[in-house]
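Residue numbers (this note's numbering): 1 to 279.
Cβ coordinates follow ideal geometry from the N, Cα and C atoms, glycine included.
Everything on this sheet refers to the single structure shown next.
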């Protein structure tokens, strides 16, 4: 079976570059679709406390028949659980939900700048890593300034930053900053949200040339530029299609064309982490 490429964190651990995301997947659906993702070849599953489907993901892991070492699981500390003690407590709940003793990757889900608890939350993640409960720790929806702040406060650099990234909003400046600090970049909403991106003429032309779907071409672009990418679908045929993107090869011209579709801030479709505070 084809396998996802792997990338190495700054702490020496590795992560499958292509994963399966379960945002907006109901808990009673999660076991089934994660099982289908495993069947398609995915070994990296990205969930979160805020998705409210950790138990379903846990059931899928338990029923998969896969060795624990062959599965990479990410979850995230939700906004209302930020703060040192609250993070430690909510982490234990997540581990019970997932049925795991050790987690591969734990992230702070959102910066929450007005709430102002992200440094204390990061200190809790550092402690969990020291205890061996979490192999790698990182952040999600963090700005360059906030990443610098948590590094200066603890001396520990996040392994990864998961943020909105797609061809219309490719985060080139943030990716360059992360690369300087040895931080991997992970893309959520990697295909955008809606038909516009998938109907883009430039992407359709590349897809036709490569004998692939537009979604596969976009995923292949993420892989080519070094992003960790977590497409989500609950449709089995699309789950299979998305994983098959690992076999799509783009040349430098293809990558340049796709990177050139960037619209800067106008391409953003989700909240701006620098100013977003919500429960």
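Would you call residue 279 buried or exposed, if buried means 16 or more other Cβ atoms sit within 10 Å of its Cβ? As a working mapping, residue 279 is identified with position 279 in the chain shown. Looking at its Cβ environment, which holds fewer than 16 other Cβ atoms inside 10 Å, residue 279 is exposed.
For the segment 74–149, list the beta strand (DSSP E) runs that are entirely contained and at least 3 residues long, ordered along the chain. Taking 3 residues as the minimum length, the beta strand (DSSP E) runs contained wholly in the segment 74–149 are 103–108, 134–140, in order along the chain.
Helix, strand or coil for residue 250, going by three-state DSSP, please let me know. For the purposes of this step, residue 250 is identified with residue 250 of the chain shown, where counting begins at 1. DSSP places residue 250 in coil when its eight states are reduced to three.
Residues near residue 177 by beta carbon distance below 7 Å, same chain, minus five either side: The sequence position of residue 177 within the chain shown is 177, counting from 1. In its chain, beyond the 5 residues on either side, 144 have a beta carbon closer than 7 Å to the beta carbon of residue 177.
Enclosing beta strand (DSSP E) for residue 285 [first to last residue]: The structure shown does not extend to residue 285, since the chain is modelled only from 1 through 279, so no value can be given for it.
Excluding the 5 residues flanking residue 19 on each side, which residues of the same chain have their C-beta closer than 6 Å to its C-beta? Stepping through the chain shown from its first residue, residue 19 is reached at position 19. Closer than 6 Å at the Cβ level, and outside the excluded window around residue 19, lie 44, 46, 230.
Grab me the residues of residue 79's own chain with a C-beta within less than 6 Å of its C-beta, minus the 5 sequence neighbours each way, in chain order. The sequence position of residue 79 within the chain shown is 79, counting from 1. Result list for residue 79: 110, 112, 279, in chain order.
Any 3 or more C-beta pairs closer than 8 Å across the segment 180–194 and the segment 206–213: The segment 180–194 vs the segment 206–213: no contact.
Going by C-alpha to C-alpha distance, which of 90, 239, 65 sits closest to residue 121? In the chain shown, the residue the question calls residue 121 occupies position 121. Out of 90, 239, 65, 90 has the C-alpha closest to the C-alpha of residue 121.
Nearest-angstrom Cα separation, counted from residue 274 out to residue 95: The residue given as residue 95 occupies position 95 in the chain shown. The residue given as residue 274 occupies position 274 in the chain shown. Taking the straight line from one Cα to the other gives about 29 Å.
Across which residues does DSSP place residue 163 in a beta bridge pair? Your numbering for residue 163 matches position 163 in the chain shown. Per DSSP, 187.
Would you kindly report the start and end of the unbroken alpha helix (DSSP H) that includes residue 11? As a position in the chain shown, residue 11 is number 11, starting the count at 1. No alpha helix (DSSP H) holds residue 11; DSSP gives it neither H nor E.
DSSP beta-bridge partners for residue 44? Within the chain shown, numbered from 1, the residue matching residue 44 stands at position 44. Answer by DSSP bridge pairing, in chain order: 72.
Cα separation between residue 175 and residue 187? On the chain shown, residue 175 is found 175 positions in, with the first residue counted as 1. On the chain shown, residue 187 is found 187 positions in, with the first residue counted as 1. Cα to Cα, residue 175 sits roughly 11 Å from residue 187.
Cutoff 8 Å; reference residue 153; Cβ partners in own chain excluding five residues on either side: Position 153 of the chain shown, counted from the first residue, corresponds to residue 153. Closer than 8 Å at Cβ, skipping near neighbours: 119, 122, 123.
Quick check: the Cα distance between residue 49 and residue 259, rounded to an integer number of angstroms? Residue numbering aside, residue 49 sits at position 49 when the chain shown is read from its first letter. Residue numbering aside, residue 259 sits at position 259 when the chain shown is read from its first letter. Whole-angstrom Cα-Cα distance: 32 Å.
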